[in-house]
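**Q**
Residue numbers (the working numbering): 150 to 712.
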């Protein structure tokens, strides 16, 4: 036997076992990180190990067999990156949707700071692919004796895995293959993602109406500005007791801050539609495909509406909601737009719209807030907190990350203050309502979590700020509303339920979906149950959302209800 032939046969054997290890590796990890019965954990390892091993033994052409396993390698690589980012959970529906809705600039920012995870994936998956191609070219065959000895053990392993699945279903912990067996659960989530994408492309909301009417007390010119923030954490706001001056331009004597606010989603493409409509986690589901935003309710009530965004088109409900407005501008889509305009670039559009002098106006500002990379959110401005560079995704750089993150919140504060300054100039009732879609993990504890949109949320991803401001004219005309807003500042609030209802009551608008018990301007406000919109679009109690004990400890330390 030639030396080269011996070499290739040796490589083919190594390739066989290397491939089996890398395609089942995620199963081993998930069996430790996920909450499932012991039988389910065993099934998650034994069944894939047996099935994939047996498939690799069906042909002596191991190179071809390995290349046919490429889809499994793709999902495995995706899963490894996800585990690196979040430490747990299978690839979620939202993760697949993010591939479609996240723009190239965001992808570049994220991938540029994930060199370690990408390096692991390359080392694990690229060599077997290259080796498989070489073996196919050389027409190398693995010895029949090698693969024949393995078929029966792999077959029996798969049978053992099936027995474990039967045992898992017999238990009481709610085991389900579509949730707990990788890659079946990942493929199931792909199906859900495709289904949602198809539905989003065939939305049937043309005939939707809020049947909105205006309260008779709201007469004459009024201006309301809704600011939807991005990736802002309530515990990093000075107004909520944070030890740094991140809200130096927002005196608490006139800016009412609500410190016990939780979002019902940690993803932008779910949270923002809930903020801008009457939907919450209980009603989101299929209803999102058939409704319009409160921008339409304001239009029905006689308001001139505008939507100004510092985000790009992303083929989501947010785009569709924005284009309901009489005027809609996405500043990053302009041909001459800079790469990273900060949110203050929205102010000229706002000022011009206000100066149009329409009788009643609603203006929605969708900001980029504190989205990673944080330093890019205040490019060209003097940072308050330094050092703020580098801001790579590493725990060793947490000080720099926090400084950059807090600097981005300072920009949000300045935006709110400048908007208030504009609205105070005219002697007409005006108000601002601000909240953020979700928060962010920044290596806060032993879990070393970073970013947001993880399949299982953390407290830092859903604890968000909410701020209301009324100008002098509004306070004089509607003193009861302003007093009620102040009296509810310590209430437990769901931003997903309260934001739209508060905005409507602020402007004196009633609709067929109005619920004043969820408006913080209502004396009849009722604290909601703490719920969360799961990856499968199911409303679950926060205790069943998969959060860790440390998350609930943090909630209790803030005096926030967890029930």
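Beta carbons are placed, not taken as given, at the ideal position from N, Cα and C, and that holds for glycine.
Predicted, not measured: the structure shown is a model, and the values here were computed from it.
Where does residue 243 land, buried or exposed, given buried means 16+ other C-beta within 10 angstroms?
**A** Residue 243 is buried by the Cβ-count criterion.
**Q** What are the boundary residues of the alpha helix (DSSP H) that includes residue 190?
**A** Note, residue 190: alpha helix (DSSP H), 187-205.
**Q** When burial is assigned at 16 or more other CB atoms within 10 Å of the CB, is residue 636 buried or exposed?
**A** Answer is exposed; the Cβ neighbour count stays below 16.
**Q** Could you give the uninterrupted runs of the alpha helix (DSSP H) lying entirely in the segment 575-628, keeping only those of 4 residues or more?
**A** If we require 4 residues or more, the alpha helix (DSSP H) runs fully inside the segment 575-628 come out as 608-611 and 621-626.
**Q** Closest to residue 515 by C-alpha separation, out of 543, 396, 480 and 626, would be which residue?
**A** Comparing Cα positions, the closest option is 480.
**Q** What separation, rounded to the nearest whole angstrom, lies between the Cα atoms of residue 486 and residue 584?
**A** If you take the alpha carbons of residue 486 and residue 584, they lie about 26 Å apart.
**Q** For the alpha helix (DSSP H) holding residue 455, just list the boundary residues, first then last.
**A** Here residue 455 belongs to no alpha helix (DSSP H); instead the beta strand (DSSP E) covers 453-458.
**Q** Since residue 406 and residue 389 should fall inside the 8 Å C-beta cutoff, what is the C-beta to C-beta distance between them, to a whole number of angstroms?
**A** Confirmed, Cβ separation roughly 6 Å.
**Q** With a cut-off of 8 Å on the beta carbons, I'd call residue 410 and residue 644 a contact; round off their distance for me.
**A** Right, the Cβ-Cβ distance comes to about 5 Å (below 8 Å), so this counts as a contact.
**Q** Measuring straight from C-alpha to C-alpha, what distance separates residue 381 and residue 412?
**A** Spanning the two alpha carbons is a distance of roughly 11 Å.
**Q** Excluding the five sequence neighbours on either side, which residues of its own chain have a C-beta within less than 7 Å of the C-beta of residue 549, listed in chain order?
**A** Result list for residue 549: 536, 537, 538, 539 and 540, in chain order.
**Q** Which residues bound the alpha helix (DSSP H) around residue 705?
**A** Run containing residue 705: 698-706, per the alpha helix (DSSP H) assignment.
**Q** Is it buried or exposed for residue 524, if we count other Cβ within 10 angstroms and need 16 for buried?
**A** The residue in question, residue 524, is buried, as its Cβ has 16 or more Cβ neighbours within 10 Å.
**Q** Could you tell me how far apart the beta carbons of residue 178 and residue 277 are, in whole angstroms, since I believe they sit closer than 8 Å?
**A** Not quite, the Cβ-Cβ distance comes to about 18 Å (not below 8 Å), so this is no contact.
**Q** Kindly provide the ranges of any alpha helix (DSSP H) runs that are 4 or more residues long and lie completely inside the segment 234-312, ordered along the chain.
**A** Listed in chain order, the complete alpha helix (DSSP H) runs (minimum 4 residues) inside the segment 234-312 are 242-250, 253-260 and 264-287.
**Q** Can residue 314 and residue 165 be called in contact, C-beta distance under 8 Å?
**A** Contact flag unset, no.
**Q** Using a Cβ-Cβ cut-off of 6 Å (strictly less than) and excluding sequence neighbours within five positions of residue 713, which residues of its own chain qualify?
**A** The question about residue 713 has no answer here: the residues shown for the chain are numbered 150 through 712.
**Q** Between the Cα of residue 468 and those of 507, 393 and 418, spot the shortest distance and give me the residue it belongs to.
**A** Measuring from the Cα of residue 468, the nearest candidate turns out to be 418.
**Q** Can you tell me which of the three DSSP states residue 510 falls into?
**A** Three-state DSSP puts residue 510 in a strand.
**Q** Could you check what DSSP says for residue 379 in three-state terms: helix, strand or coil?
**A** Three-state result, residue 379: coil.
**Q** CB residue 493 to CB residue 512, shorter than 8 Å?
**A** Their beta carbons are not under 8 Å apart, which means residue 493 does not touch residue 512 by this criterion.
**Q** Let me know if residue 587 comes out buried or exposed under the rule of 16 or more other beta-carbons within 10 Å of its beta-carbon.
**A** By the neighbour-count rule (16 or more Cβ atoms within 10 Å), residue 587 is buried.
**Q** According to DSSP, which residues form a beta bridge with residue 682?
**A** Answer is 688, bridged to residue 682.
**Q** Might you give, ordered along the chain, the residues of its own chain that have their beta carbon closer than 7 Å to the beta carbon of residue 666, omitting 5 neighbours on each side?
**A** Result list for residue 666: 673, 674 and 675, in chain order.
**Q** What does the alpha-carbon distance come out to for the pair residue 285 and residue 344?
**A** Each residue's Cα considered, the two are about 37 Å apart.
**Q** Quick check on residue 274: buried or exposed, where buried means 16 or more other Cβ atoms within 10 Å of its Cβ?
**A** Classification for residue 274: buried.
**Q** Which same chain residues, not among the five before or five after residue 152, have their C-beta less than 8 Å away from its C-beta?
**A** Confidence is the limiting factor: at residue 152 the pLDDT is only 45, short of 50, which leaves the residue's position unreliable and the question unanswerable from this model.
**Q** Who are the near neighbours of residue 693 in its chain, counting only those whose CB is closer than 6 Å to its CB and skipping five residues on each side?
**A** So no residue of the chain qualifies.
**Q** Closest to residue 231 by C-alpha separation, out of 641, 599 and 690, would be which residue?
**A** Comparing Cα positions, the closest option is 599.
**Q** In this structure, how does DSSP classify residue 371 when only helix, strand and coil are distinguished?
**A** The answer is strand: DSSP assigns residue 371 an E or B state.
**Q** From residue 491 to residue 296, what distance separates their C-alpha atoms?
**A** For residue 491 and residue 296, the distance between alpha carbons rounds to 60 Å.
**Q** Is it right to say residue 305 is buried, meaning 16 or more other beta carbons lie within 10 angstroms of its own, or is it exposed?
**A** It counts as exposed.
**Q** Just list the residues that DSSP pairs residue 515 with in beta bridges.
**A** Residue 515 pairs with 377 and 458.
**Q** In three-state terms, what does DSSP make of residue 474?
**A** In this structure, residue 474 counts as coil in the three-state DSSP scheme.
**Q** Tell me which residues share the same chain as residue 162 and place their Cβ nearer than 7 Å to its Cβ, disregarding the 5 neighbours each side in the sequence.
**A** For residue 162, where only same-chain residues beyond five positions count, the Cβ hits under 7 Å are 291 and 295.
**Q** Of the residues 646, 569, 594 and 610, which one's Cα is nearest the Cα of residue 620?
**A** Comparing Cα positions, the closest option is 569.
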